[in-house]
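If you read the sequence shown in this note's numbering, its first letter stands for residue 894, the second for the next number, and so on. One structure below.
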Amino acid sequence: MNFDWNNPYPGTRRPVYASNMVAASQPLAAQAGLCILARGGNAVDAAIAAAATQALTEPTANGLGSDCCAIVWDGSRLHGLNASGAAPAAWNLDYFRRKHQGRIPARGWDSVTVPGCVAGWAALHEKLGRMSFADVLEPAIEYAERGFAVSAAVQRKWAAQADELQPQPGYAEHFLPRGRPPQVGEHFVLQGAAATLKRIAASGGRDFYEGETAHKLVAHAQAHDAVLTLADLRDYAPQWTCPVGQTYRGHTLHQLAPGGQGIAALLALGMLQHFDVAARPVDHPDTQHLLIEAMKLAQADAAARRPGMTPEDLLQAGHLAERARLIDPAHARRGAGGNAPHADAICLSAVDRNGMMVSLAQSSHMGFGSGVVVPGTGVSLQNGGHGFSADAGHPDAVAGGKRPAHAALPAFLMRDGAPVMSFGVVGGDMQPQGQVQALVRMLDYGQQPQAACDAPRWRWRHGQTLDVESGLAPSVAQGLLARGHALLAAQDPGQDFGSGQFIWRLGDPAVDGYVGASDGRRDGLAAGF
């Protein structure tokens, strides 16, 4: 790719060039991964180290009780890992009718599915890691023991969630240690996390699912009238999958199959393939209008999938061409299928000089997740169960052992069967929208990864309504208004417009290396050597 290495957008970050690299939305996590690479670990080892550290240092989006997903290029083939949580066996529609009037709660124990991230780390390590599991978790254990200074973007989200979550079991004790959220730069130690991580390290992860930690989780669940059992934990296993791909401009974007939202990015690119997107500048209302309209149709398709429908069914060439014909270049359609529940995640990318590349995403779903923190463990639990539906005919209808839709969305770009970029963009339904906007900038316009990170973004919400960043050019805003879009200036750009972590392969990794970028909407860092 012949990138234009200039950056036309305001920003203080520069692309990073190296043969070993980690990009993450939390600097301590990126450097933990880099430390493992420097000690002889490979990209999978580095990704696990960064993910475990980030579970501590960015608790506003993930934790030890999160889910995770990953896509890995091992040097010869692509692997997909789905370590999203499965419902307790006792969950069914009647259970939620009886306890919650047919609702799936957003907080508390009855929003918690079996957490998958620890099992995901162990599965990645067993299949593809090089160092010992204990050595890989060593940086995270050190931060768990010694604590860390809270960074700015994390503190802002912490403060925004504190009032809602304060009543949940264990939340105030662990995350409001002085009766309030920590301030920026304030030292924080997550009680119990160090001992839990040591047990996880010594047991290859099994302690979380059948050892002391598992027993503490189940005892706490039962004390709060929840139905999680030791069998639910013991029987959980991540799923190795084959990523789903869609071609765009000679490249192929790969995502994990649903339940993630990656199918929407694939659908949108499949529709945009029918347009000469680069006929106008990227920051032109005609261009951005095309992207917005494709994303509306893509999200509607993703939301309308039926039981038994496969990604390949949705991605049929004839269907994509038919949907593309519905895009009116001059008028905004009133789209349906937006307004997905708020969710957040972390994504990170790790690569090494031998060519291994990892995209990993980890999520507690809605911020801190359920708000439940199990005493003595430091385990803050996700609320993945809120992704279920109480409608018996819905593809995500709740059932024991079933995985709901999830918020972890790793992504991987290939060309002619060779790896090109491991990346992700987090932020609920902003994830596919951010991926499409960034990829069009890189593949249609040759913008380098940091420029694609720094460029102003929009986020389609519902109908004809868009949130837009303040950096959007006035001419683009006026052009979108003229086409019938309604524009809102969002108040929290870090939350509303996601965060990307990109590492692009420049050639032979040992010689040419990679170029990495980390989004300024978070506290992140791309670091390499």
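Glycine included, each C-beta is placed from N, C-alpha and C at the ideal position.
Taking C-beta atoms as the reference points, L1253 and C961 count as a pair closer than 8 Å. Residue range D1237 to V1244 is occupied by the beta strand (DSSP E) that includes C1240.
In summary, N899 is exposed, with fewer than 16 beta-carbon neighbours lying within 10 Å of its beta-carbon over all protein chains present. Distance between G1098 and L1190, taken at the CA atoms: about 41 Å. The Cβ-Cβ distance between A976 and G1022 does not fall below 8 Å. Closest in alpha carbon position to A999, among S1263, D1309 and F1390, is S1263.
Judged by beta-carbon spacing, A1087 lies beyond the 8 Å limit of L1030, meaning their Cβ atoms are not closer than that value.
The three-state secondary structure of W1014, taken from DSSP, is helix.
Nearest to Q1326 by C-alpha distance, out of P1178, V1291, E1186 and R906, is E1186. Straight through space, the alpha carbons of L974 and Q1132 are spaced by roughly 6 Å. Within the model, the alpha-carbon separation for E1215 versus D1416 is close to 41 Å. The alpha carbon of D897 has as its nearest neighbour, out of F1041, H1378, S1411 and M1335, the alpha carbon of M1335. As the crow flies, the alpha-carbon of S1257 is around 7 Å from that of G1277. In the three-state reduction of the DSSP assignment, R1398 falls in the strand class. Cβ-Cβ separation between G1155 and A1304: approximately 7 Å, consistent with a contact (criterion under 8 Å). By the Cβ-count criterion, D1221 is exposed, with fewer than 16 other Cβ atoms from all chains shown falling within 10 Å of its own Cβ. Under DSSP, A980 forms no beta bridge with any residue. Beta-carbon to beta-carbon, V1318 and A1300 are separated by about 12 Å, too far to satisfy the 8 Å threshold.
Looking at the DSSP output, C1346 bridges to nothing. Per DSSP, L1380 lies in no alpha helix (DSSP H); the unbroken beta strand (DSSP E) holding it starts and ends at A1379 to A1382.
Beyond the five residues adjoining it in sequence on each side, T950 comes within less than 8 Å, by CB distance, of Q919, L921, A922, Y1036, F1041, S1044 and V1047 in the same chain, given in chain order. In the three-state DSSP reduction, Q1132 falls in the strand class (E or B). For I964, the uninterrupted beta strand (DSSP E) segment begins and ends at D960 to W966.
Straight through space, the alpha carbons of A1033 and L1090 are spaced by roughly 8 Å.
For A1172, the closest alpha carbon among the candidates Y1338, G1364 and G1400 is that of Y1338. Secondary structure note for M1164: its alpha helix (DSSP H) is the uninterrupted segment G1155 to L1165. Nearest neighbour of S969 by Cα position, chosen from G1286, A939, A1311 and R1071, turns out to be A1311. Judged by DSSP secondary structure, F1101 falls within the alpha helix (DSSP H) whose first and last residues are D1100 to E1103.
In the structure shown, the three-state DSSP call for R990 is helix. Counting the other Cβ atoms within 10 Å of the Cβ of Q1209 gives fewer than 16, which makes it exposed.
Looking at the DSSP output, A1403 shares a beta bridge with no other residue. Comparing C-alpha distances from P1297 to each of M1307, Q1275, D1309 and R1308 shows the shortest one belongs to Q1275. Take the alpha-carbon of P1136 and the one of A1150: they are about 6 Å apart. Put simply, the backbone Cα of F1068 is about 31 Å away from that of R906.
P1204 counts as buried, since no fewer than 16 other beta carbons sit within 10 angstroms of its beta carbon. Here DSSP, grouped into helix, strand and coil, assigns S1004 to helix.
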